[in-house]
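Comments concern the structure below.
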Ligand SMILES: Nc1ncnc2c1ncn2[C@@H]1O[C@H](COP(=O)(O)OP(=O)(O)OP(=O)(O)O)[C@@H](O)[C@H]1O
Ligand SMILES: Nc1ncnc2c1ncn2[C@@H]1O[C@H](COP(=O)(O)OP(=O)(O)OP(=O)(O)O)[C@@H](O)[C@H]1O
Ligand SMILES: [Mg+2]
Ligand SMILES: [Mg+2]
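Protein chains in written order, with this note's numbering: chain A, 1 to 216; chain B, 217 to 438; chain C, 439 to 688; chain D, 689 to 939; chain E, 940 to 1190.
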């Protein structure tokens, strides 16, 4: 007997959504940290470092996440490196996230007027504090909208984890669609859940943006 | 390593892959053009003084940005026949991607328009120009220039995301590759080739976009 | 990398790849548990091994890489046995069958393979139906490929395609969604024998599963399960197929 | 020019009041400018000078009072604003040239779009005015390729291309390097010699002495003093004016 | 101050050359600044004034020559740069206050991070210097809430908090409204009275007359003229200096 799409089925989707949230948090924390390193590398005064990070960004921005995940999970074992699903997901999502955030944050760092870091240098403040105390707080403000919109994309992008056998939201939706054969209802519900996960973010970002602009 | 690579079946299928590349390029470039156009309209609605228009635009933008493109394409393809509109897989894909791109483009371009100093608009008004003319001749070019890199990366993302539309049988690169996969089971070779092709496509696309940018935005700035 | 029944016993759990989007072969029940024909068989196997079962939910796209890479011990995947696949993985003798059938709109005039060319035909890509359709249909047939069974059936129901080629069980779905009057079974295209699969070279595992299928064909357990889930009688299945080696010795 | 002969009113502001939210920035401004008259407006920062001249071509709305330009009333909702803007040219402190258009295109755009002039005619007139501000040879360049002084002269030419009867200047030289101030002031002086009506917000007191018929001092939204330059500088009538002049002339 | 007593060299530039790509912006600059000396640097736009003073605290690298500050050589790769920057304060045309920090925090940041001063001590010193520039009551505000003149005074206080022996000023008043120029100049004059060593790029000739021991005129990357202010203004030795003074004094 095939099932009707009902409350129980919706709960199943919610269970999948849990993984979506976990994956997004994972990607954003690890990828964010790596992305900051990439952004700093891109804006460094050493040409070699700039070139290496530029190439990194090119490669990982230029290939679909699906293919990156595929290679980490199915490709590395061919080289004798057997990786756990979570390790693979962490690596794959972080590479992807760091490339995009690295590029966004590079832009924001460069958008902070040169005068700011010159003033800090003139005061004798070294690189680390110059970045932490002067440049990054200002870059944060500039990069916030782009960061949030990437994050929103990322949340939806974690659906590709299904390739590695993880039943997150989209995959749960597919399973449910194949059990109930009511894809429109199921995917409608999937869209609704994504919407509920993402909207607080876009809403917060709009508010922070407004507050920062008012303070200017 | 106990796996022997065999690219022969993949290379033998190059005409199919080429067709896939053309499909990807065709669908994503059309959606970029239409999406940018539609996005500008939504952006103007969003920035207009009329609360009604603004609400519609904000609602649209948030609805699209916060739901997956996969679902959007599903609704266009499977849902619209219920109201009597039947689109082919490719048409549905283009429509869904256009709608999707429009929402992102609207927000990006809005950032650009807001970066234009009010003095520019005032100068146009002081010369007696109408709002529409001011936008068309004074605001747009510098505004789009200001956000061109963001717009380009959105376009590239759109191209990469176009792989998702294969689920409604829109015949693009991933569609053909996966079909090939189900016939040859040479997954690694196929995905490797696919990765290289996407990388090449995104490089070419970003080169073309930056060329367009260089021509269209050739005026110097300080 | 090879696994043997002994090793699995030593580990205490068997990791088995099953498809969970193939109603009624493998799906998720009201309580979120795996259920279906394949699931019961997998449980039966682990019972005989005396170990716990761990299900790995596979998809049409990743099942072969997951097996080849050793993420699962073996597959109970309601997967069609084909010559091409048999080059990459090792099949066990068939344990079930699933007539490949064409379903279409009542007014579509399809009696045989040659008629497919006049219509738009949908198929689940990544499934064994896809290459089969390519093989039997006239060259000019318009084929539309979809991600899974649900979207393939949905494409038929929403009129995006005129007919679909696939599992006989699509009929269950078409009837139960209340569309039984508008669509009908057209004809059977081919037999479709489904087999479990192990990695090439896992000889002990293969022997064990071959024996399992043979024994339970004998004692009627498989027939019973088939009747329970699919709702019809299980056909008499062959133990050899042209181009496919079930002994692991060739 | 003989002041008594300037009976013809170009601009008339009557009881003009303006608020920005709770901030009362223009308080009962009455001001009449005769045809051909040159007025210099000065006063401390925030006193409302920019706001005053921006009201004249309706870049700001007023909340009370009336403004007439060439006898046409500018409604509070901006009725007639487009009509009036054709007669009133404006030059901004930040030049506000259009960065994506060449100098020539900057001067042609409004002619083409507002006056619907033909390309040839628009180009002719643009070149004439660019020559007049001695910058015709830069016509093909983009604003970013010019020095500040050159940019400001282009901005003046751009405004002149619309054949305005009145020119408004809002601190046209204060964003310029010291050496470039002179070239822009010279251009403005030559305009003044042509007899165009001018209202100029500036702190260049040398310029005020040279061309102004009247110097007006504003503070906190009010016109405090209005006098001919000689009188204004030698013998200001108000304490505040004196204090202000002390500040800007003394360093 | 008696010039002969200034034997103690604070800054010494010997044969300094600098290129931006193909552009030769500093050509064989030799300059010695004594302890407590006040120097005003002027010259046309693009002549290399900013570049010269930015070389002193290594905001720009030099390609040839040597720079000594307090006897420490500044290597071309910027060795000793951090050391030297502690002795050299700088004030920029655009103020460059940190917009996300309050006035007080702006003044405390470098003390805390570079000198590792305790919070209490850093705050004390910051307040002292803010008082000195008459702006202590604004300590809790953010830069955007201050007028340009106030911001520039904060920038001066921020530099002073590091107890520099030399202060560099790069056109500190040219981004200011006319009335605010005076308050900043007054602050600088009071610094000069304290005997700190100063190099100031400015076109405020009144300020030069009041506090400079020497006025230096640069053009196209070279020091053309260097003289005491009276001599410099009354009797410039070079044609180019005369032309330049003519331009900036005449309007
Ligand atoms: N758009 C606005 N919104 C709110 N307040 C404004 C706005 N524009 C100007 N003001 C305020 O109105 C007052 C008058 O401003 P205005 O620009 O006319 O002064 P100003 O005399 O031109 O000064 P300045 O010499 O600094 O240009 C100021 O207090 C200013 O802060
Ligand atoms: N980062 C840079 N890259 C290339 N060229 C530069 C750079 N900075 C300055 N220049 C050039 O070096 C020359 C000297 O510049 P500098 O800023 O020192 O002049 P200045 O005398 O301070 O002029 P101003 O009065 O306009 O500030 C100019 O021609 C300028 O264009
Ligand atoms: Mg003003
Ligand atoms: Mg300079």
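Don't be surprised by glycine CBs; every beta carbon is placed ideally from N, CA and C. These figures come from a predicted structure and were not determined experimentally.
With a cut-off of 8 Å on Cβ pairs, the stretch 144-162 of chain A is not in contact with the stretch 270-280 of chain B, counting fewer than three such pairs. Close to chain E, meaning a Cβ-Cβ distance shorter than 8 Å, are the following residues of the stretch 107-140 of chain A: 113, 115, 116, 118, 119, 120, 121, 122, 123, 124, 125, 126, 129, 133, 134, 137 and 138. Residues of the stretch 846-865 of chain D whose Cβ lies closer than 8 Å to any Cβ of chain E, in chain order: 862 and 865. Interface annotation, residue 927 (chain D): not in contact with chain E, CB-CB separation never under 9 Å. Chain E places no beta carbon closer than 9 Å to that of residue 920 (chain D), leaving this residue out of the contacts.
Secondary-structure assignment with DSSP links residue 1184 (chain E) through no beta bridge to anything. In terms of side-chain proximity, the C-beta atom of residue 716 (chain D) is found no nearer than 8 Å to any non-hydrogen atom of ligand 1. Counting only runs of 4+ residues, the alpha helix (DSSP H) found wholly inside the stretch 93-134 of chain A occupies 114-122, in chain order. Taking all protein chains shown into account, residue 670 (chain C) has fewer than 16 neighbouring C-beta atoms within 10 Å of its C-beta and is therefore exposed. From the listed residues D:787, D:859 and D:778, the smallest Cα separation to residue 435 (chain B) is found for D:787. As for any beta strand (DSSP E) of minimum length 3 sitting wholly inside the stretch 509-594 of chain C, the runs are 512-518, 538-543, 558-562 and 580-584, ordered along the chain. Our two residues, residue 677 (chain C) and residue 653 (chain C), have alpha carbons roughly 13 Å apart in a direct line. Note: residue 1003 (chain E) is bridge-paired with E:956 in the DSSP secondary-structure output. Leaving aside the five residues that flank residue 896 (chain D) on each side, the residues in its chain whose CB is nearer than 6 Å to its CB run, in chain order, 728, 903 and 917.
Beta-bridge analysis with DSSP links residue 1153 (chain E) to E:978.
In this structure, residue 1101 (chain E) sits away from residue 1111 (chain E), with a CB-CB distance that is not shorter than 9 Å. Less than 9 Å divides the Cβ of residue 865 (chain D) from the Cβ of residue 1113 (chain E).
In this structure, the beta-carbon distance from residue 413 (chain B) to residue 325 (chain B) does not fall below 9 Å. Residue 1137 (chain E) carries a strand assignment under DSSP once its states are collapsed to helix, strand and coil.
Between ligand 2 and residue 982 (chain E), a heavy atom-to-CB distance of less than 8 Å is present. Using a CB distance cut-off of 9 Å, residue 1016 (chain E) does not count as an interface residue toward chain A.
Residue 605 (chain C) has C:538 as its beta-bridge partners, per DSSP. A Cβ-Cβ contact shorter than 9 Å links residue 601 (chain C) with residue 546 (chain C). Here the stretch 283-293 of chain B makes contact with the stretch 304-318 of chain B; the two share three or more CB pairs at distances below 8 Å. Judged by DSSP in its simplified three-state form, residue 1056 (chain E) adopts coil rather than helix or strand. Taking 9 Å as the cut-off, the beta carbon of residue 614 (chain C) is found no closer than this to the beta carbon of residue 5 (chain A).
In the structure shown, residue 652 (chain C) adopts helical secondary structure according to DSSP, grouped into three states.
If you check the C-beta of residue 143 (chain A) against ligand 1, you find no heavy atom less than 8 Å away. In summary, residue 203 (chain A) is exposed, with fewer than 16 beta-carbon neighbours lying within 10 Å of its beta-carbon over all protein chains present. From the listed residues A:113, A:205, A:96 and A:127, the smallest Cα separation to residue 161 (chain A) is found for A:96.
Look at residue 903 (chain D): its beta carbon is at least 8 Å from all of the heavy atoms in ligand 1. For residue 309 (chain B), no CB of chain A lies under 9 Å from its own CB, so it is not counted at the interface with that chain.
Chain order gives the chain E residues near residue 891 (chain D) as 1116, 1117 and 1118, where near means a beta carbon separation below 9 Å. When the Cα atoms are used, residue 283 (chain B) and residue 195 (chain A) turn out to be separated by approximately 5 Å. Contact of residue 294 (chain B) with chain C by beta-carbon distance below 9 Å involves 589, 592, 593, 595, 596 and 598.
Under the three-state reduction of DSSP output, residue 914 (chain D) falls in the strand class.
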